[in-house]
Amino acid sequence: MQTFNLSLQSKEQDFPASIDVYLRENISIENHLLPVLVICPGGGYDFLSNRESEPLALAFLAQGFQAIVLNYTTMQDDLKTDFLNATVNQVKQTFDMIYQNKEEWQIDTNNIFLLGCSAGGHLAASYSTRWQEFADKTSHYKPAGTILCYPVTSFQLGWPKAITHFDFPISDIERYDTANKIDQNTPETFIWHTANDTAVPVLNTLNYCEKLEKSSIPFECHIFESGRHGLSLATRASASKNTEQYLDPIVASWFPTCITWLNKRL
0 MQTFNLSLQS KEQDFPASID VYLRENISIE NHLLPVLVIC PGGGYDFLSN
50 RESEPLALAF LAQGFQAIVL NYTTMQDDLK TDFLNATVNQ VKQTFDMIYQ
100 NKEEWQIDTN NIFLLGCSAG GHLAASYSTR WQEFADKTSH YKPAGTILCY
150 PVTSFQLGWP KAITHFDFPI SDIERYDTAN KIDQNTPETF IWHTANDTAV
200 PVLNTLNYCE KLEKSSIPFE CHIFESGRHG LSLATRASAS KNTEQYLDPI
250 VASWFPTCIT WLNKRL
């Protein structure tokens, strides 16, 4: 395995971001290209959860995918301005980096999948419903599929608890409602949540799925009866000794199910 970090260059120097790249090595077939997961960890746009970063990257790596974790801009970067558009652009920049290095990184650019957890799910959903804004409207920037794990999809469905969490007018809230931007260009989606999530209500997922159905976008949705927010893999791979409350063998079934969903699209 090869791992390294690269900074994302941007004209907007006030919005720092980087990617952690995880690559499989010693692939037996010469010039064999692999699908890739671009991972947006959660953290409420305040920080980036390490449980939703490397553990997910390594899990997908073990299943035959390359993996890239996007360390996008958060409010801990001393920002209280409208930085959310900058984070969407950082996903686009990550796609650019993949295309620029596709041969060296052995990546199949027809199979770039996007995953987001919690607030990172909001970023992934935002990009998935806005990707066509970039470049020349080609499919160059369209994810082959989107995976949303207990995502925030609207700022009006229980998270954040107070809109003052962000420094923009209440009138701007609808700008960041991802479900209302779903159309025929939205990628196929795998989405899961727990029904009793007290941090990000399950209504975020149900509302998103309703809009996917209305736009005839294929999707797979799993709602687990119980489980705390932020479970990530829900196994010891993403739960340290001090965070055993993040172990849930039933919820952990989302990952092999997701791999099956991904393999059907390769």
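Counting along the sequence shown from 1, when you hit position 159 you're at 158 in numbering that gives the first Met the number 0, and nothing is skipped either side. Cβ coordinates follow ideal geometry from the N, Cα and C atoms, glycine included. Bear in mind that the values here come from a model prediction, so they are computed numbers and not experimental data.
State the CB to CB distance for the pair residue i and residue j, rounded to an integer number of angstroms; the pair is presumed to be in contact (CB under 8 Å).
i: Gln62; j: Ile258; result: 5 Å
i: Leu246; j: Ala238; result: 5 Å
i: Val68; j: Ile18; result: 7 Å
i: Leu33; j: Phe64; result: 6 Å
i: Leu147; j: Gly115; result: 6 Å
i: Val35; j: Ala66; result: 7 Å
i: Ile172; j: Ala194; result: Actually they are not in contact, since the Cβ atoms of Ile172 and Ala194 sit about 25 Å apart, beyond 8 Å.
Look at the alpha carbon of residue i and the alpha carbon of residue j, and state the distance between them as a whole number of angstroms.
i: Lys180; j: Arg129; result: 8 Å
i: Met0; j: Lys213; result: 42 Å
i: Lys141; j: Lys240; result: 39 Å
i: Thr108; j: Ala143; result: 9 Å
i: Leu232; j: Ala251; result: 6 Å
i: Asn4; j: Ser127; result: 24 Å
i: Thr86; j: Asp182; result: 21 Å
i: Ala124; j: Asn30; result: 32 Å
i: Glu24; j: Ile38; result: 20 Å
Is residue i buried or exposed, if buried means 16 or more other CB atoms sit within 10 Å of its CB?
i: His121; result: buried
i: His192; result: buried
i: Glu243; result: exposed
i: Lys210; result: buried
i: Pro248; result: exposed
i: Ser215; result: exposed
i: Pro255; result: exposed
Quickly, what does DSSP pair residue i with across the bridge? List them, please.
i: Met144; result: One detail in the question is off: residue 144 reads as Gly in this sequence, not Met. Paired residues: Phe112.
i: Glu219; result: Phe189
i: Thr2; result: Tyr21
i: Asn70; result: Ser17
i: Ile106; result: Leu33
Just verifying my parser: in three-state terms, what is the DSSP assignment at residue i?
i: Trp130; result: helix
i: Leu202; result: helix
i: Val250; result: helix
i: Asp95; result: helix
i: Ile38; result: strand
i: Gln65; result: strand
i: Arg50; result: helix
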